[in-house]
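Trainee: Got a structure for you, questions after.
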Amino acid sequence: MPTGTPNTNLSEFSPEPSIEPLENLPDEAEVKEPRIAPSELTGMLEALLFVCDAPASPHQFAQALGHPEAEILAGLADLQGLYKQTGRGLRLQERNGRYSLVTAPQAAGVIEAFLNLDLSSHLSAPALEALAIVAYRQPVTKSQVEAVRGVDCGGVLRTLLQRGLIEEVGRLDTVGRPILYGVTDFFMQHFGLENMQELPPLPSTDADTLWAATELAEE
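Right, here's the structure in full:
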C-alpha cells in the first residue's frame, strides 16, 4: 500500500495525458499544444489506425493528437514508408481523404489459408470486365455498366456484391432512382491499391468508349 499524509494535495499529481475519443475532441483551432511529443507521433498514429473501426481523416487524427494536419500527413507518409521498407505485413490505405490500416497484398495467400477462406478464386471474364467499369467510372448504375458491355449485368453485379468488391453507394437522381455502385475498400486491398490513383491508366480508346457509353446511358 502507498504511504502518505492525510493532508496530501492531490492536485500536485499530474496523471499522464490520455487520448480522448475522436468524437469528443475540440475543433483543431481549440487545440493549444500537442498532446504527445513529435517523436511519438508515428507510433501514436499507428495505434489510432489500429483501433479505428472505420477509415479516419487527418483532421480527426489532428484533433486526437494535438498536431497540425500537415504534421499528421507527414507522419502517415513516414508510417507507410516504414511498412514498405521493412517488409511489414501491413499497409496504409487512403480513400477519399481517409486512412485505414490493411494487410499487405503479399500476405493475402497466407491470410486466406489461415482463415480457411476462398477469396482468391478466379472471377469470370464478364465479372472482371464489369468490375473494371465500376472502378474506372464510379459511381455507375447497372444500366450504365450494361451500356458498355452490351449485355445484361445483373448476375455479375450480384457476384461482385457477394464478393465484397463493389457496394451500393447511393441512388441516381432520375426516374426510378437506380442504384449507384462503387468499389469497396476490400477491392483496393484485394488488388493491392493504396489509393484510387494507383489504378493503371486506360488506353485512350478504351477510356473514350467507357465514358461515351456511360454518358449515353445517363441520358
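To convert, count from 1 in the sequence shown and add 50; that's our numbering. Where is the CB? At the ideal position from N, CA and C, for every residue including glycine. Keep in mind the model is a prediction, meaning the values are calculated, not measured.
Starting from Glu217, trace the beta strand (DSSP E) in both directions and tell me its first and last residue.
Mentor: For this step, residue 217 is matched to residue 167 along the sequence shown. Here the beta strand (DSSP E) through Glu217 covers Ile216 to Arg221.
Trainee: Spatial neighbours of Glu144 within its chain, please: CB distance less than 7 Å, with the 5 preceding and 5 following residues excluded, ordered by chain position.
Mentor: Numbered from its first residue, the sequence shown carries residue 144 at position 94. Contacts found: Glu244 and Asn245.
Trainee: Might you give, ordered along the chain, the residues of its own chain that have their beta carbon closer than 7 Å to the beta carbon of Glu96, omitting 5 neighbours on each side?
Mentor: If you number the sequence shown from 1, residue 96 lands on position 46. Cβ neighbours of Glu96 beyond the five flanking positions: Leu129.
Trainee: What span of residues does the alpha helix (DSSP H) with Leu123 cover, start to end?
Mentor: As a working mapping, residue 123 is identified with position 73 in the sequence shown. Segment Glu119 to Gln135, the alpha helix (DSSP H) holding Leu123.
Trainee: Taking the straight line between their C-alpha atoms, what separation do you get for Leu165 and Ala158?
Mentor: Here residue 165 corresponds to residue number 115 of the sequence shown, with the count starting at 1. Here residue 158 corresponds to residue number 108 of the sequence shown, with the count starting at 1. Leu165 and Ala158: Cα-Cα distance of roughly 11 Å.
Trainee: So, are the CB atoms of Leu151 and Leu99 less than 8 Å apart?
Mentor: For the purposes of this step, residue 151 is taken as residue 101 along the sequence shown, with counting starting at 1. For the purposes of this step, residue 99 is taken as residue 49 along the sequence shown, with counting starting at 1. Yes. Within cutoff.
Trainee: Under the rule that 16 or more other beta-carbon atoms within 10 Å means buried, what is Glu269, buried or exposed?
Mentor: Position 219 of the sequence shown, counting from 1, holds the residue named residue 269. With a pLDDT of 48 at Glu269, under the threshold of 50, the modelled position of this residue cannot be trusted; read the value that follows with caution. By the neighbour-count rule (16 or more Cβ atoms within 10 Å), Glu269 is not buried but exposed.
Trainee: Tell me whether Arg208 sits in a helix, a strand or coil according to DSSP, three-state version.
Mentor: In the sequence shown, counting from the first residue as 1, residue 208 sits at position 158. Here Arg208 sits in helix by DSSP.
Trainee: Can you grab the Cα-Cα spacing for the pair Ile86 / Thr136, in whole Å?
Mentor: On the sequence shown, residue 86 is found 36 positions in, with the first residue counted as 1. On the sequence shown, residue 136 is found 86 positions in, with the first residue counted as 1. Going from the Cα of Ile86 to the Cα of Thr136 covers about 25 Å.
Trainee: Going along the chain, which unbroken runs of the alpha helix (DSSP H) with 4 or more residues stay wholly within the stretch 151-201?
Mentor: As far as the stretch 151-201 is concerned, its whole alpha helix (DSSP H) runs of at least 4 residues are 158-164, 175-187 and 192-199.
Trainee: Tell me which same chain residues have a C-beta within less than 7 Å of the C-beta of Arg148, skipping the five on either side of it?
Mentor: The residue labelled residue 148 in the question sits at position 98 within the sequence shown. Once the five neighbours on either side are set aside, the close Cβ partners of Arg148 are Pro105, Ala106 and Ser107.
Trainee: For Pro155, collect the residues of the same chain with a Cβ closer than 6 Å to its Cβ; drop the 5 residues on either side in sequence, then sort them by chain order.
Mentor: Indexing the sequence shown from 1 puts residue 155 at position 105. Excluding positions up to five away in sequence, the list reads Gly242.
Trainee: Out of Val160, Gly220 and Pro250, point me to the one whose CA is closest to Ala185's CA.
Mentor: For the purposes of this step, residue 185 is taken as residue 135 along the sequence shown, with counting starting at 1. Looking at the Cα atoms, Pro250 is the closest of the given residues.
Trainee: What separation, rounded to the nearest whole angstrom, lies between the Cα atoms of Ala175 and His240?
Mentor: Position 125 of the sequence shown, counting from 1, holds the residue named residue 175. Position 190 of the sequence shown, counting from 1, holds the residue named residue 240. If you take the alpha carbons of Ala175 and His240, they lie about 17 Å apart.
Trainee: Leu140 and Thr153 look like a contact to me (Cβ under 8 Å); what is the Cβ gap, rounded to whole Å?
Mentor: The residue given as residue 140 occupies position 90 in the sequence shown. The residue given as residue 153 occupies position 103 in the sequence shown. With a Cβ gap of about 6 Å, Leu140 and Thr153 count as contacting.
Trainee: May I ask you to report which of helix, strand or coil DSSP gives Ala104?
Mentor: Here residue 104 is taken as the residue at index 54 of the sequence shown, counted from 1. Three-state DSSP puts Ala104 in coil, outside helix and strand.
Trainee: If I follow the unbroken beta strand (DSSP E) through Gln143, where does it start and stop?
Mentor: Taking the sequence shown and counting its residues from 1, one reaches residue 143 at position 93. Start and end: Leu140 to Arg145.
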